[in-house]
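Quick notes on the structure that follows.
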Ligand code: HXC
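Residue numbers (our numbering): 1 to 281.
And the structure:
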């Protein structure tokens with residue numbers, strides 16, 4: 001049996017989350033899966049929520065193998081009544097959640113002038129509405145319990161903008177504003193609300209939709225000072241830290257984890273074009 005800790009979980013003490021009950025939206029794939037695995041490995045009870053039950057399988061299989069406290073439920077975050085019902089049912093069963101990770105997203109590259117109203121609505125619905133509904137309805141139980149941590153996943157194009165993803169960039173900008181707003185508004189209830197902005201990292205969803213071929217991937221990679229894509233577990237390690245007591249005074253912050261990709265390189269390219277050699281930890 002595989003007993004090695006997930007990579008993201010290696011940097012915190014083994015029982016860091018043993019008193020936690022975490023909800024992770026989109027928690028069965030990509031970054032969400034790595035966060036869910038890391039939380040479980042460090043002792044949390046984790047419920048993953050996503051639209052597609054197929055996306056639950058890898059997590060649930062691993063929970064069974066490793067004896068983790070994991071569950072999964074299907075939910076479309078665009079439906080506020082369903083989100084409220086799920087939040088109440090889970091709080092009834094396990095008590096108030098202590099952690100909410102708003103990770104679920106929809107995205108694809110499409111020029112704005114060709115983006116249909118339905119396509120715009122689909123992405124805004126999942127990313128912006130879904131993050132609010134989950135925060136609102138799971139947050140209600142955290143507020144009653146007077147404790148909780150919410151982590152939102154945004155992207156650096158929330159503030160830089162990026163051609164081809166006007167829907168996602170607009171939605172993520174809204175989520176960033178939501179992060180800062182709720183961080184201040186809900187601090188009086190003992191909640192912390194933070195965000196991460198990951199740069200490009202390998203995942204099934206991103207590969208198919210955002211860099212469908214190797215040439216495109218190489219082009220993106222050449223613009224990253226560290227010279228490579230990130231990995232989901234590098235992103236997840238930072239998320240675990242932000243959800244842990246190690247970051248207990250961090251509130252309303254958004255951490256960029258992109259190998260320096262979103263920083264300008266200035267006018268003098270010499271010294272900034274060499275492929276990065278920094279290895280992952
Ligand atoms: C143009 C598209 C499209 C595409 C869907 N649509 N995919 N338009 N290009 N590739 C349009 C459809 O034609 C339709 O509009 C509308 O969107 C709704 O599509 P449906 O399939 O009916 O909707 P639904 O099943 O609800 O959801 C669609 C979806 C979903 C949101 C795109 O399939 C999804 O989430 N897929 C990708 C998941 C993903 O990529 N996750 C990783 C995100 S990573 P019409 O008008 O035709 O009916 C990320 C990080 C980036 O975001 C950071 C980089 C630095």
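Don't be surprised by glycine CBs; every beta carbon is placed ideally from N, CA and C.
Remember, predicted model here, so these are calculated numbers, not experimental data.
Reduced DSSP category for residue i - H, G, I as helix; E, B as strand; rest coil
i           : result
residue 79  : coil
residue 50  : strand
residue 126 : helix
residue 88  : helix
residue 146 : coil
residue 22  : strand
residue 198 : strand
residue 98  : coil
residue 73  : strand
residue 12  : coil
residue 224 : coil
residue 64  : helix
residue 230 : strand
residue 160 : helix
residue 256 : strand
residue 1   : Bear in mind that the predicted position of residue 1 carries a pLDDT of just 44, short of 50, making it too unreliable to give a figure here.
residue 262 : coil
residue 115 : coil
residue 31  : helix
residue 103 : coil
residue 251 : coil
Buried versus exposed, by CB contacts within 10 Å (16 or more), residue i
i           : result
residue 243 : buried
residue 249 : exposed
residue 218 : exposed
residue 198 : buried
residue 221 : buried
residue 195 : buried
residue 28  : buried
residue 91  : buried
residue 70  : buried
residue 103 : buried
residue 106 : buried
residue 22  : buried
residue 172 : buried
residue 1   : With a pLDDT of 44 at residue 1, under the threshold of 50, the modelled position of that residue is not reliable, and no figure is offered here.
Closest residue to residue i among the options (Cα-Cα distance)
i           : options            : result
residue 72  : 208, 122, 53, 216  : 53
residue 24  : 12, 86, 16         : 86
residue 50  : 208, 224, 131, 149 : 131
residue 264 : 224, 251, 122      : 224
residue 174 : 164, 153, 185      : 153
residue 149 : 267, 211, 134      : 134
residue 204 : 26, 9, 18          : 26
residue 112 : 168, 94, 92, 102   : 168
residue 234 : 28, 158, 13, 37    : 37
residue 187 : 41, 139, 5         : 139
residue 83  : 44, 68, 137, 107   : 137
residue 108 : 190, 19, 208       : 208
residue 8   : 41, 144, 126, 103  : 41
residue 254 : 210, 215, 176, 201 : 176
residue 75  : 214, 126, 162, 65  : 126
Near the ligand MG: residue i beta-carbon under 7 Å from a heavy atom
i           : result
residue 110 : In terms of ligand content, the structure shown lacks the ligand MG and carries the ligand HXC instead.
Margin query: Could you check whether the segment 48-59 touches the segment 29-37, counting it as contact only if at least three pairs of C-beta atoms, one from each stretch, sit closer than 8 Å?
Written below: yes
Item checked: the segment 225-232 contacting the segment 256-263, beta-carbon criterion three pairs below 8 Å -> yes
Next item on the list: Count the CB pairs spanning the segment 85-101 and the segment 118-129 that are closer than 8 Å, and state whether there are at least three.
Entry: no
Item checked: Completely contained alpha helix (DSSP H) runs for the segment 162-189, where each covers 4 or more residues -> 166-185
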